[in-house]
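Here is the structure we will look at, set down as structure tokens.
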Amino acid sequence: MGKWTTQNDARARRIESGSKYAKGKVVMGDQVTPFLEAVLHPGDRVCLEGDNQKQAQVLAQAMMDLDPARIHDLHMVQSGIVLPEHLDLYERGIARKLDYSYSGPQSLRITSMLVDGKIELGAVHTYLELFARYFVDLTPNVALIAAVCADKDGNLYTGPNTEDTPTIVEATTFKGGLVVAQVEKIVDKVPRVDIPGDRVHFLVETGKPFYVEPLFTRDPGAITPTQILCAMMAIKGIYGPYQVQRINHGIGFSTAAIELILPTFGEKLGLKGKIATHWALNPHPTLIPAIEAGWVQQIHSFGSEVGMEHYMAARPDIYFTGVDGGLRSNRAFCQTAGLYACDIFIGSTLQIDLDGNSSTVTESRTAGFGGAPNMGSDPHGRRHGSAPWLKAGAEAYPDTPAALRRGRKLVVQIGETFGDKNVPLFVEQLDAIKLSQKLGLDLAPVMIYGDDLTHIVTEEGIANLLLCRNADEREQAIRGVAGYTEVGRGRDKKEVERLRQRGVIQRPEDLGIDPLDADRRWLAARSIKDLMLASGGLYDPPSKFRNW
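Per the numbering used here, residue 1 is the first one in the sequence shown, and the count goes up by one each step.
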């Protein structure tokens with residue numbers, strides 16, 4: 001019989017090597033880099049916690065001081081490539097291969113490094129996809145994670161920004177891997193135990209909090225009348241008719257506008273209690289007025305948001321909170337909720353082609369996906385009914401017997417026909433295809449595939465792709481809301497008008513909305529200060545959003 005404990009034995013050797021630089025579980029402050037050189041091996045698969053928002057930045061900086069002659073060719077598996085250090089590791093030869101999900105702040109640089117061959121790309125994943133592979137074929141040998149504080153036994157308190165930590169730890173520690181946590185301080189007793197100490201092997205006390213990016217804060221002062229018009233159409237043309245209650249919103253000013261006009265425009269339409277009650281959503285500050293007005297019943301969050309801590313602790317009926325009163329977020333669980341339990345995803349993108357495929361990747365930027373492909377997809381495994389799901393299914397498959405007819409998740413892309421610097425939203429071919437050819441990728445980095453997309457909302461109107469009966473109708477429906485872009489100018493005017501008569505395309509006036517009525521008076525809060533006041537002073541905006 002063979003030996004069956006090689007992985008656990010290898011971890012024991014790592015612990016023995018690392019213990020030379022620690023007192024108990026606590027690594028001595030000036031010994032972090034030699035400690036890492038002791039526990040890491042060339043070619044290791046390493047998860048350096050770089051989440052959507054939370055970053056293990058002290059451990060990332062310590063890795064930069066590693067000797068490439070000793071530690072090299074690491075295979076990094078991490079959600080977010082956010083910090084410069086995440087890519088500096090490849091410049092120095094410490095890391096070689098990468099599997100990741102999101103790289104917004106580093107999207108330009110990562111593309112250049114991929115083209116130059118400095119990074120060997122495994123794949124660009126969705127969050128759930130990457131998490132799943134942690135348990136199959138991308139299991140970390142070493143996980144370097146971040147928490148708020150720990151006790152001497154290694155019990156961790158992650159606070160509101162738990163995010164990816166439980167998933168990373170679970171995959172690593174139960175498969176013979178080593179878990180190292182950076183914490184601001186060691187305490188006698190943690191406020192709540194988010195990660196049990198027997199899953200954590202070493203602690204690095206940093207004396208400062210981990211870095212968190214306020215990724216989901218949108219200043220109402222920057223919302224335009226055009227975005228308000230799109231929001232009004234989305235509520236009256238989609239949320240209302242489908243009676244959508246279970247929602248995931250992407251990041252963007254158009255969805256922030258929807259959140260801010262629920263207590264005003266939504267109230268005027270008599271939709272309170274009928275739509276927008278249950279959410280899988282980060283704690284967007286722009287949702288505060290709707291919460292305070294009684295629209296929202298429950299929110300589960302992927303992560304937290306800077307400045308929202310006191311507000312969430314004061315609203316436990318809305319948010320998931322622990323014995324400490326603070327938010328408990330969990331990206332894997334919330335991604336699953338958004339995939340299977342929500343009836344609609346609505347978000348923005350950079351490009352949409354004539355088949356409805358969309359992507360935030362351009363020829364020069366490889367931003368990754370995050371969770372949008374999971375949120376913005378129709379999960380074939382779903383088996384529970386709901387009014388929006390069944391209505392969308394009936395529109396898509398009218399000839400299928402009801403008992404055998406699968407419903408459809410509503411997947412909506414919302415945006416202006418021309419974006420920043422007058423760049424068109426609609427294109428004949430996605431830049432993602434050109435990038436995939438340049439990098440030699442098997443798959444183009446498409447964010448949402450056209451066959452998952454159900455609606456497009458622009459200032460021109462709504463295109464309901466569920467009602468299209470062939471590829472030609474679908475193309476003309478997309479062209480019909482593409483405005484004065486080159487794609488829009490290529491429309492067949494007679495066919496577009498015929499689609500409008502069928503309700504496939506709805507203009508603002510078809511919905512009883514006057515575009516001149518779309519102005520900022522509909523916003524329940526018109527500034528960050530208004531959001532703070534709406535919260536009763538509980539919301540504490542980050543300094544970069546304060547202008548008073």
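Glycine included, each C-beta is placed from N, C-alpha and C at the ideal position.
Inter-residue distance for SER359 and VAL46 is about 28 angstroms (C-alpha atoms, whole angstroms). Per DSSP, reduced to three states, the secondary structure at ALA222 is helical. Of the residues assessed, VAL136 falls on the exposed side of the cut-off, its CB having fewer than 16 other CB atoms within 10 angstroms.
Beta-bridge partners assigned by DSSP to TYR157: CYS149.
DSSP, reduced to helix, strand and coil, places MET532 within a helical segment of the structure shown.
Across the structure, THR172 and VAL179 are spaced so that their CA atoms are roughly 7 angstroms apart.
DSSP, reduced to helix, strand and coil, places SER301 outside both helices and strands of the structure shown, so it counts as coil. Rounded to the nearest angstrom, the gap between the Cα atoms of GLY240 and GLN57 is 44 angstroms. In this structure the stretch 408–415 does not touch the stretch 152–168; the number of beta carbon pairs closer than 8 angstroms is below three. Per DSSP, the unbroken alpha helix (DSSP H) holding GLU91 starts and ends at 84–91.
Going by DSSP, SER79 is part of the beta strand (DSSP E) stretching over 74–80. Setting aside the 5 residues that flank it on each side, VAL423 has no residue in the same chain whose C-beta is closer than 7 angstroms to its C-beta. Listed in chain order, the alpha helix (DSSP H) elements of length 4 or more contained wholly in the stretch 13–59 are 32–39.
Setting aside the 5 residues that flank it on each side, PHE216 is surrounded in the same chain by ILE251, ASN282, HIS284 and GLU305, each with a C-beta closer than 7 angstroms to its C-beta; the list follows chain order. If you look at PHE265, you'll find it isn't in any alpha helix (DSSP H); DSSP assigns it neither H nor E. The stretch 329–346 makes contact with the stretch 300–320; the number of CB pairs closer than 8 angstroms reaches 3 or more. Annotation: LYS97 to ASP44 spans about 10 angstroms, alpha carbon to alpha carbon. Contact between the stretch 221–234 and the stretch 411–421 is established, with three or more Cβ pairs separated by less than 8 angstroms. Here LEU523 has PRO220 and LEU260 as same chain residues with Cβ atoms under 6 angstroms from its own Cβ, once five neighbours each way along the sequence are excluded.
Its chain contains THR349, LEU350, GLN351, ILE352, GLY415, GLU416, THR417, PHE418, GLY419, THR458, ALA482 and THR485 as the residues whose beta carbon lies nearer than 8 angstroms to that of LEU425, once the 5 sequence neighbours on both sides are disregarded; these appear in chain order. A direct Cα-to-Cα measurement between GLY376 and GLY338 gives close to 9 angstroms. Setting aside the 5 residues that flank it on each side, PRO105 is surrounded in the same chain by VAL82, each with a C-beta closer than 6 angstroms to its C-beta; the list follows chain order. Counting along the chain, no alpha helix (DSSP H) covers LEU98; the unbroken beta strand (DSSP E) around it starts and ends at 95–102. From the listed residues PHE202, LEU439 and ARG192, the smallest Cα separation to VAL169 is found for PHE202.
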